[in-house]
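In mature numbering (1 follows the signal peptide of the UniProt record, and there is no 0), the protein residues as written are -20 to -1, 1 to 321. Yeah, the Cβ is synthetic: ideal placement off N, Cα and C, and Gly gets one too. Structure, as C-alpha cells:
Laid out in C-alpha cells, this is it:
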C-alpha cells in the first residue's frame, strides 16, 4: 500500500514538472537588456510639453513655407503643340496667354480651318515635316479671358499673363501729349501699319529658324504697362534691347521690306514681311539700310540703332505680328523654332 502511494506521488511530481518545462519552451526567455530598452522606448513615446512644442513649431514652419505659384510673371517660354488629330479632343482645353501666339500642329490630311473670333486661321505647311501642318493663332494682349472654341472639339483657354508696369519719363511733352496735327499723323501711321500687318502674303519667305536682331541686354519686356510721366498711356508691344547709337541691326529671318520710313512714335522704322501673316518690326533706328520692296536674308544688316521717335534713350524696339496680332516676339520665336527640333 505504501508502495502504491509512493508511485502516485512520484507520478504527480513528474507530470507537474513536464508541464512546467513545456510552458517554458513555448514562451522564450526575455533578455534583460531588451526589456530595459523596451521600457526606455515606452518612456520616449510619452508626450511631454517639450515634444508638443517641437511638433507645433514644425507644423507652423510647414504652414509658413510658400507654395509654388502657378501664375508666371511672363508668358511661358514654350508650349507643347498638338501632334495628332486624335489629340484634338484628348488634350483640351489648350492653354495660351494674352499677348502670345499659340501653334497647333496636326497630321490630318485636310483639317478644317480654325475660327478665332471673326478671324479664320488657315493651316500651313510644317517647316520640316511633310506630313504635318501647323496653325498660328495670335492671342491679342486685350483678348477676353476664358475658353474659346476654335472648331468642334478644339478649345483654347486664354489666361492672363502677369505683366508688369514700368515708368518712362519723357522731357519732350509733345511726345506724350501730341497736338492735333501730331495726333492726326499718329493715327494715319497706325492705320498704315495695321493695313500692312493684316496683309497676308501666301508665300512663305523663310525656311530656317528665326534669330534675334542683336545680342544685347533686354531693358524692357513685352506686355509691360507703359506709364509716361506717371500716366498709363499704353502697353509695351515689343522687346527693348540696349544698343548704343549706330549698333548694326540684323533681319530676324528672310523676307521682304514692307515699311522703311520715319514715324512720329517709332522714329525711323523697318518692317519685314516674312510671309503667311508673320511680320517683324525694328523701331527707333538712327539710319535705315533698306527700302520698301527689298528682299532681305536672315542676318542681313537692315538698319543702325538710335533714339528717334518717342524714347527716353537709345535702344532697339523689336516686335512681331502674327496674323495681324502683336505678340511677344521672344516667346513666338522660341515656340516656332521648336518645330525644327
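If you count every other CB in all the chains shown that lies within 10 Å of the CB of residue i, and 16 or more means buried, which is it?
i           : result
residue 307 : buried
residue 119 : buried
residue 108 : exposed
residue 174 : exposed
residue 284 : buried
residue 125 : exposed
residue 110 : exposed
residue 309 : buried
residue 313 : buried
residue 142 : exposed
residue 79  : buried
residue 271 : exposed
residue 133 : exposed
residue 157 : exposed
Cβ atoms of residue j and residue i: under 8 Å apart, would you say?
i           : j           : result
residue 279 : residue 255 : no
residue 315 : residue 128 : no
residue 252 : residue 238 : yes
residue 263 : residue 232 : no
residue 135 : residue 73  : yes
residue 94  : residue 131 : yes
residue 194 : residue 221 : yes
residue 219 : residue 298 : yes
For residue i, which residues from the same chain have a beta carbon less than 8 Å from its beta carbon, with the 5 sequence-adjacent residues on both sides left out?
i           : result
residue 106 : 85, 112, 113, 114 and 319
residue 287 : 225, 247, 264, 266, 293, 294 and 295
residue 216 : 146, 200, 201, 202, 203, 204, 205 and 206
residue 269 : 281, 282, 283 and 284
Excluding sequence positions up to five away, which residues of its chain have a Cβ less than 6 Å from the Cβ of residue i?
i           : result
residue 242 : 248
residue 348 : With the chain represented from -20 up to 321, any question about residue 348 goes unanswered, as that position is not in the structure.
residue 260 : 232, 252 and 300
In chain order, what residues of the same chain lie with their CB nearer than 7 Å to the CB of residue i, ignoring the 5 residues before and after it?
i           : result
residue 75  : 137 and 139
residue 302 : 81, 116, 118, 257, 258 and 312
Inter-stretch contact at 8 Å, needing at least 3 Cβ pairs: the stretch 220 to 238 / the stretch 288 to 308: yes
Completely contained beta strand (DSSP E) runs for the stretch 173 to 211, where each covers 3 or more residues: 198 to 200 and 205 to 208
Inside the stretch 58 to 146 only - alpha helix (DSSP H) runs reaching at least 4 residues: 67 to 70
Runs of beta strand (DSSP E) wholly within the stretch 210 to 294 (minimum 3 residues, chain order): 211 to 215, 219 to 222, 228 to 230, 235 to 243, 247 to 255, 258 to 268 and 281 to 285
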